[in-house]
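Going by the numbering used here, the first residue of the sequence shown is number 20, and it counts up by one from there. Worksheet: the structure to be examined is printed underneath.
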Amino acid sequence: MMNFSPPPTTTIQRLWQMNDPSARAESVTVPKRLVPPHIEALNAYQPGRPPDALKAELGIERFINLASNENPLGPPKSALDAIKAVLTDINRYPESGGFRLRETLADVYRVKAENVVVGSGSESIMANIVRAFLHGDDEVVTSEGTFIGLYVLVNSQGVKLVKVPLKDYKFDLDAIAEAVTEKTKLVYLCNPNNPTGTMFSRAEFENFIKKVPDHVLVILDEAYFEFTMGIAEFPDSMTYRYDNVLTLRSFSKAYAMAGLRVGYGMGHEYLINYVNRVKLPFEPNMLAQVAASAAIKDTTYLGGVLENNDEGMRYLTNEFQKLGWEYVPSSTNFVMLPTKSAEKVKQIHDGLLREGVAIRPLAAFGLPHCFRITIGLPDENEACVNALKKYY
20 MMNFSPPPTT TIQRLWQMND PSARAESVTV PKRLVPPHIE ALNAYQPGRP PDALKAELGI
80 ERFINLASNE NPLGPPKSAL DAIKAVLTDI NRYPESGGFR LRETLADVYR VKAENVVVGS
140 GSESIMANIV RAFLHGDDEV VTSEGTFIGL YVLVNSQGVK LVKVPLKDYK FDLDAIAEAV
200 TEKTKLVYLC NPNNPTGTMF SRAEFENFIK KVPDHVLVIL DEAYFEFTMG IAEFPDSMTY
260 RYDNVLTLRS FSKAYAMAGL RVGYGMGHEY LINYVNRVKL PFEPNMLAQV AASAAIKDTT
320 YLGGVLENND EGMRYLTNEF QKLGWEYVPS STNFVMLPTK SAEKVKQIHD GLLREGVAIR
380 PLAAFGLPHC FRITIGLPDE NEACVNALKK YY
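Here's what the structure looks like:
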């Protein structure tokens, strides 16, 4: 007769089903194997406090959020009109394949609809790419100091993540190419990079892609693509169309629709087919689909966004230069400032909050001595500089 040992257990406090918050917690035990180790090791995303809560807590009347890389101008009227036109239809499911939005994007980029995938933000598509292609002892190579959403997605799959150090706050493409091995399945490049704002050039990318084996997928995350339109050296991935490159773009930044969560990806139809196999059937939602279809064609609106961003970037960087503050030149809608220490960043962040201005400390990105400021409206940028003068 065989004796079976019970699995290791851990104790948790059972409170969630109690209606009485003062009730004493009941301890229960559950098998430790309930949660895989790579999930247990993850940390949940820590959202900022809502503006109303901060205003009440700090006793301030105005709150300026320059922490989230949002577009301060608000969404285009064309998108709002498209939403209003379908509001009475929200009792229906959206198009399961996002066909009309995919056709619109295909027309804009002169590809086939089969080359396009849409989702609830570009991060959702990134999650589907990870789900579709990574397994077992596959490895992912990327940089330190880049979009933390990628780190979470890869770690949640239990796949090995190799992070190459930044070089002058930029992706070191030579070092990333050298880090590719037979086990590498995917390379993630964010260009321009969040949170540093830096960009690698056309020549750097062309040299890099020659070194990447055909079996390695390259994600080019171009969430800030629209802000590079005037930069001749930006390596727009859609001018190359390599078979092993998947492009990600977003409506959250330049098109001011972060609250709708809508993004898109483009690539070889063979790859897009597999991404579509694992995505949720009804994403993005109906309102997001029609708003995005209208916004992508609204060139007048986009021109105003880029003008506001250029003016704001010039104002902030000129002020930083006059005050002798170090900053990292940016090709996005935000600018990053290094400081002497994480303690200095905390001092600045806490001080600005008391002034009603939110910035983004970057410890979670692996850059604890840096913080990031989003370009706002002219008066918001001025308020930020005035507050910084008190605490920088």
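Glycine included, each C-beta is placed from N, C-alpha and C at the ideal position.
Which residue's Cα is closest to the Cα of residue i: the options?
i      : options                           : result
Asp317 : Ser97, Phe82, Glu80 and Leu53     : Ser97
Ile79  : Glu374, Gly116, Glu399 and Pro380 : Glu374
Gln176 : Ser162, Asp187, Ile148 and Glu338 : Ile148
Pro303 : Glu114, Phe384 and Val294         : Glu114
Asp157 : Pro348, Phe118 and Lys202         : Lys202
Leu172 : Gly155, Ala194 and Glu142         : Glu142
Tyr410 : Ile378, Glu163, Ala314 and Asp329 : Ile378
Cys403 : Leu208, Gly331 and Cys389         : Gly331
Ala198 : Lys182, Val105 and Val130         : Lys182
Pro380 : Val206, Val354, Pro232 and Thr200 : Val354
Val206 : Asn212, Glu241 and Ala196         : Ala196
Ile315 : Gly343, Ala101 and Thr165         : Ala101
Ser139 : Met305, Lys408 and Pro348         : Met305
Lys363 : Thr351, Tyr346 and Cys389         : Cys389
Leu153 : Asp191, His234 and Gly93          : His234
For residue i and residue j, I'd like the C-alpha separation in whole angstroms.
i      : j      : result
Glu401 : Glu89  : 17 Å
Leu180 : Lys204 : 11 Å
Leu236 : Asn134 : 15 Å
Phe82  : Thr358 : 24 Å
Thr393 : Leu356 : 11 Å
Leu396 : Ala151 : 40 Å
Ala277 : Tyr170 : 21 Å
Pro387 : Ala132 : 42 Å
Pro184 : Phe384 : 12 Å
Lys298 : Thr217 : 31 Å
Arg391 : Trp344 : 13 Å
Gly348 : Leu267 : A quick correction: the sequence has Pro, not Gly, at residue 348. Straight-line Cα distance between these residues: approximately 23 Å.
Thr215 : Leu372 : 22 Å
Gly155 : Glu399 : 48 Å
Met20  : Leu53  : In this prediction, Met20 has a pLDDT of 49, which is less than 50 and means its spatial position is unreliable; nothing more can be read from the coordinates.
Between which two residues does the alpha helix (DSSP H) containing residue i stretch?
i      : result
Lys408 : Pro397 to Tyr410
Met332 : Thr318 to Leu342
Lys363 : Ala361 to Arg373
Met305 : Met305 to Ala314
Ser269 : Run containing Ser269: none in the alpha helix (DSSP H); it sits in the beta strand (DSSP E), Val264 to Ser269.
Lys189 : Per DSSP, Lys189 belongs to no alpha helix (DSSP H) and is neither H nor E.
Lys298 : Premise fails: Lys298 is in no alpha helix (DSSP H) and is neither H nor E.
Leu279 : Here Leu279 belongs to no alpha helix (DSSP H), and DSSP marks it neither H nor E.
Grab the span of the beta strand (DSSP E) containing residue i for me, first residue to last.
i      : result
Gly284 : Gly282 to Met285
Ile195 : Ile195 -> not in any beta strand (DSSP E); alpha helix (DSSP H) instead, spanning Leu192 to Ala198.
Thr393 : Cys389 to Thr393
Ile238 : Leu236 to Asp240
Glu158 : Glu158 to Ser162
Leu356 : Phe353 to Pro357
Val54  : Premise fails: Val54 is in no beta strand (DSSP E) and is neither H nor E.
Put residue i into one of helix, strand or coil per three-state DSSP.
i      : result
Tyr412 : Because the chain spans 20 through 411 in this model, residue 412 falls outside it and cannot be assessed.
Asn84  : strand
Gly138 : strand
Phe152 : helix
Lys96  : helix
Lys229 : coil
Pro380 : strand
Strictly under 8 Å for the Cβ-Cβ distance: is residue i near chain D by that measure?
i      : result
Glu302 : The displayed structure is made up of one protein chain only, and chain D is not part of it.
Take every Cβ of the region 280-289, pair it with every Cβ of the region 260-268, and state whether three or more of those distances are shorter than 8 Å.
yes
Is the region 335-344 touching the region 308-325, taking contact as three or more C-beta pairs under 8 Å?
Output reads no: the region 308-325 does not touch the region 335-344.
Counting Cβ pairs closer than 8 Å, one from the region 120-135 and one from the region 247-255, do we hit at least three?
no
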